[in-house]
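As structure tokens, the structure follows; a few thoughts come after it.
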Amino acid sequence: MAGLAAAFGSGAMTNSIEEFEVADVILATGTNTTENHPVIASRIKRAVKSGKTKLIVVDPRKIDLVKYAAIWLRQRPGTDVAVFNGMMRYIIKENLHAKEYVETRTENFEALQACLEKYTPEYVEKISGVPASDLIKAARMYAEAPKGSIAYCMGITQHTTGADNVKTIANLAMLCGNVGIEGGGVNPLRGQNNVQGACDMGCLPNVYTGYQQVANADARAKFAKAWGRELSDKPGLTIMEMMEGAHKGEIKAMFIMGENPMVSDPDLDHVGASLKKLDLLVVQDIFLTETAQLADVVLPAASFAEKDGTFSNTERRVQMVRKAVNPPGLAKPDWQILAEMSTACGYPQSYNSAEEIFTEIATLTPSYAGITYQRIKNVGIQWPCPNAEHQGTKFLHKDSFSRGKGLFHAIGFIEPAELPDEEYPFCLTTGRVLYHYHTGTMSRRSKGLVQRYPESLVEINEVDANKLNVLDGDMLMLNSRRGTVSAKAWITDRVAPGVVFMNFHFDEALVNKITNPALDPVGKIPEYKVCAVSVQRAG
Amino acid sequence: MANELKVTIDGMEFSAQPGQTILEVARANGVFIPTLCHLQGTTNVGACRVCVVEVENARSLVASCAMPVSDGMVVKTDTPKVKSAQRMVVELLWASGDHNCLTCEKNGDCTLQDLVYHFEIEKPRFPMTSPGVLQDDTNEMIFRDLNKCILCGRCVRACNEVQVNEILDFAQRGSKAKVGPAFGMNYIDSDCYFCGECADVCPTGAITFKAARFAGRPWETRKVATTCTYCGVGCQISLHTHKGKVVKVSGKELHRQPNFGSLCVKGRFGFEFIHDPSRLTKPLIRREKGGALEEASWDEAYSFSGKKYQEVIKSGSSAVAGLASARCTNEENYLFQKFIRAGAGTNNVDHCARL
Ligand code: SF4
Ligand code: SF4
Ligand code: SF4
């Protein structure tokens, strides 16, 4: 999200889910929407079927959305910047860009233009494998649409160039005047139910709620006063840095709420070693996860069905979560556990209800200031919602960007950190499947989902399968410089020759044992989408 | 409005917009017209003809769901002619299947049953004939009994026009007509995505939710409106609970932003984890480093943590760190960072969404 914040001044989905149905062109890239955000995918498919909307898919995999696409660009994994730079160069050359918009609403255009010079369609084809003629067609289609929307997800961000990828997409959208209009925008689709909310609530090392900077003296003073404590002005550590700190003995106590880094992190052995070194590890969760098993204290939490509160969805909509059943045994809602733990650690806190906490949030957070439980009883409100009369905000950056002018970034193409070579000739890319979620702790406990997708599969192209003498369902062994995993082969043209795909839901086939922990320098996101592996038939 | 139309329904004059159907105008003004095949947001097919009304100067009864209003139109919804035509439709549908409400999951929440009652039909005048189709009980999510199918086509339109999953269609015609995946396949053998939309919109007990079977009658269950816990779409869902357990998740009761009743397989069928026997139910602590996790009371867990924390904090605030969660609520994430920032005095707080 750092990439978007740099370009626009705010890192959230600019437009709303329902606006996909009024876009003239939707460019979907790095999002396997039908599997990860199925209900949004339905909207996109409906828009296409109505005949009003054209779809461009830019994705290395032949995902289900490709069936609905007017144009599909299958780039080599990790070459996104080259593809979008190529589109932009062509758009400017053909004079298809929104000149007045660029002039009045953005800055740094000249630097962008200069950096694009070498990305001719032919050069881009050489880097990415996307045919020059398709690139031109896609560029035209997006640029000529009155309202063009871009949707993206982890396929864009989980790269060592993740922030660059996002900035490049922001460049493209601004170049065509598509930010700040209904049906347009740059729309990161959030993978987990409340990622947006966790960020909005300041669970990031450098900001309080509503992205108020800890380095800003006024913000700090406001929170210090409300919370009755002196506050540090030094931005904290990111998750990967925390693990490093724990490994070195600098971090001695960790509190983990509802997360399982022992399965989701890249380079899992390192995470395990780090967590074991802590003097105190407190984990609150609904299951005894791999991470909880390493803890000194494990606290039983209530699930979403057993407590009240709010989630903020991918389109910034704050919505109610309501208690339907009692938590099992002695389990309690996390907010209750936190208040009691905080008290036990010398900072007394006490609340009678989740609503009481929400009221405190609203007083400290300008973008949530106008939201109350009463107002979102039936339909959620999209922030920013600054006061009790405000109806919420459907799309951002209408007349000006959060940062004033939209900022173009001149970004050159950089190869992924690890490329296939003789020893590891395949490119491994990872992601999710429709029937499972994250580390599988919830989805794998549902009979139906397990029946439909019982075990991990490696997607491999027929050409490669033939070369390796592999049949559908044979066990495959994938090796990288970091380790080995095995899973069954699924022979499919969803992946191109030379590429294999695996999901990360199954702990029997922990793909993150072999992914590359190389981080994006800005977003600190690991490169889950590209690493080099060798593939063999097991046994 | 510039080109507002005037329409008279049952002697009352209403204003309407061009393009609105008779049914839409009637519903908007609280006039009841029964429907079965009509499904909001999809093509108006006018197939079941239970929504017929009389329109002045029209030669025959018209299907109100498919007929656009025109200025000055005069509509009657409650004449004997209308009533007997509607009644006949319901009677024929009832007789055409195996509608044994005693064990049907839809008992009490079935549109066909409601209409039979509405028209006070004690017994159809026609012989009841069950089509004798095999039930589809091959998957863990959706149960199909096409002997209760009235061929309204709502499931077909939901699958093709709402979800655009393009699995269901009509097969064959006339008395052999059937709805289902291609080639008469069972759901599990087809490409079905198990979004469950077809079951949510089926007006009868032909497509129902497996987990809800014999797990509580509709009037015994409590419905709680909440937000799905899986992806970031944040679908509005209704949790149906019975005897303290979630037995079903539906979307149709909450036709609103952002999903307007649609769900996916995870939101719809991924709820069993809530009552999984391996849920944590008691605090656990590791009293000795290297020892096992053992059960403890909440008080002991807190004082144990508090004591260790006090030792750590002596070496400075920056020895403490916290990972919050994209799964937990806003309120919890807020409290979490407040605890780390104000309590421990450090900004070492992050969450796993980078991953
Ligand atoms: S569950 Fe969904 S995809 Fe499957 S048949 Fe029903 S509507 Fe279609
Ligand atoms: S299965 Fe249900 S929704 Fe589908 S046609 Fe039959 S009665 Fe209508
Ligand atoms: S029902 Fe599916 S699409 Fe909707 S929020 Fe849940 S996981 Fe996402």
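Chains as they are written, first to last, in the numbering used here: chain A, 1 to 539; chain B, 540 to 894.
Just so it is clear, CB atoms sit at the ideal spot from N, CA and C, and this is done for glycine as well.
Contact between A:Thr-291 and A:Pro-327 does not hold, since their C-beta atoms are separated by about 20 Å, which reaches or exceeds 8 Å. A:Val-463 sits exposed, since fewer than 16 C-beta atoms from the chains shown fall within 10 Å of its C-beta. Under the three-state reduction of DSSP, A:Tyr-152 is assigned to strand. Checking the 7 Å criterion, the Cβ of B:Cys-741 is out of range of every heavy atom belonging to ligand 1. DSSP lists no beta-bridge partner residue for A:Asp-218.
Between A:Leu-55 and A:Ala-70, the C-beta gap is smaller than 8 Å, which places the two residues in contact. At a cut-off of 8 Å, the C-beta of A:Thr-430 has no neighbouring C-beta in chain B. Note: B:Ala-697 is not bridge-paired with any residue in the DSSP secondary-structure output.
The residue from B:Leu-578, B:Lys-545, B:Gln-702 and B:Ala-586 with its alpha-carbon nearest to that of B:Asn-568 is B:Lys-545. In terms of beta-carbon proximity, A:Ser-232 lines the interface with chain B, with at least one pair separated by less than 8 Å. Annotated as proximal: A:Tyr-347 and B:Phe-878, with beta-carbon spacing under 8 Å.
Taking the CA atoms as reference points, A:Asp-308 sits about 39 Å from B:Cys-691.
DSSP places B:Ser-864 in the coil class of the three-state scheme, outside both helix and strand. Boundaries of the alpha helix (DSSP H) around A:Met-87: 80 to 93. Straight across, the Cα-Cα distance linking A:Asp-24 with B:Asn-798 is about 21 Å. B:Ser-842 carries a helical assignment under DSSP once its states are collapsed to helix, strand and coil. Across the set A:Pro-205, A:Arg-403 and A:Phe-223, the C-alpha of A:Pro-205 shows the shortest separation from the C-alpha of A:Thr-238. A Cβ-Cβ contact shorter than 8 Å links A:Lys-488 with A:Gly-473. Taking a C-beta cut-off of 9 Å against chain A, the contacting residues of the segment 856 to 867 of chain B are Ser-856, Ser-857, Ala-858, Val-859, Ala-860, Gly-861, Leu-862, Ala-863, Ser-864, Ala-865, Arg-866 and Cys-867, listed in chain order.
Rounded to whole angstroms, the Cβ separation of B:Lys-615 and B:Glu-593 is 4 Å, and the two are in contact under 8 Å. Relative to A:Pro-235, the option among B:Thr-581, B:Arg-880, B:Asp-653 and B:Ser-669 whose CA is nearest is B:Arg-880. Here A:Trp-72 carries a strand assignment [DSSP, helix/strand/coil]. Listed along the chain, the chain B residues whose CB falls inside 7 Å of the CB of A:Ser-312 are Asn-869.
According to the DSSP secondary-structure assignment, A:Leu-428 is paired through a beta bridge with A:Val-500 and A:Cys-531. The beta carbons of A:Met-87 and A:Thr-314 sit no closer together than 8 Å.
Residues of chain B with a Cβ closer than 7 Å to the Cβ of A:Thr-515 do not exist, since the nearest Cβ in that chain sits about 10 Å away.
Taking 7 Å as the Cβ-Cβ cut-off, the segment 35 to 69 of chain A approaches chain B at Asn-36, His-37, Pro-38, Val-39, Ile-40, Ser-42, Lys-45, Arg-46 and Lys-49, given in chain order.
Using beta-carbon distances, B:Met-606 does not count as an interface residue toward chain A, since no partner is under 8 Å. In this structure, B:Cys-770 and A:Gly-191 form a Cβ contact; the two beta carbons are roughly 6 Å apart against a cut-off of 8 Å.
For A:Cys-345, the nearest beta carbon of chain B is closer than 8 Å to its own beta carbon. DSSP, read as helix, strand or coil, puts A:Asp-269 in helix. Put simply, the backbone Cα of A:Val-500 is about 19 Å away from that of A:Leu-65. Residues of the segment 292 to 308 of chain A with a Cβ closer than 9 Å to any Cβ of chain B, in chain order: Ala-292, Gln-293, Ala-295, Asp-296, Val-297, Val-298, Leu-299, Pro-300, Ala-301, Ser-303, Phe-304, Ala-305, Glu-306, Lys-307 and Asp-308. In the three-state reduction of the DSSP assignment, A:Glu-107 falls in the strand class, which pools E and B. Looking from the CA of B:Arg-795, the closest CA among B:Ala-883, B:Glu-811, B:Lys-784 and B:Gly-773 belongs to B:Gly-773.
Residues of chain B whose Cβ lies closer than 8 Å to the Cβ of A:Gln-319 are, in chain order, Thr-766, Gly-773 and Gln-775.
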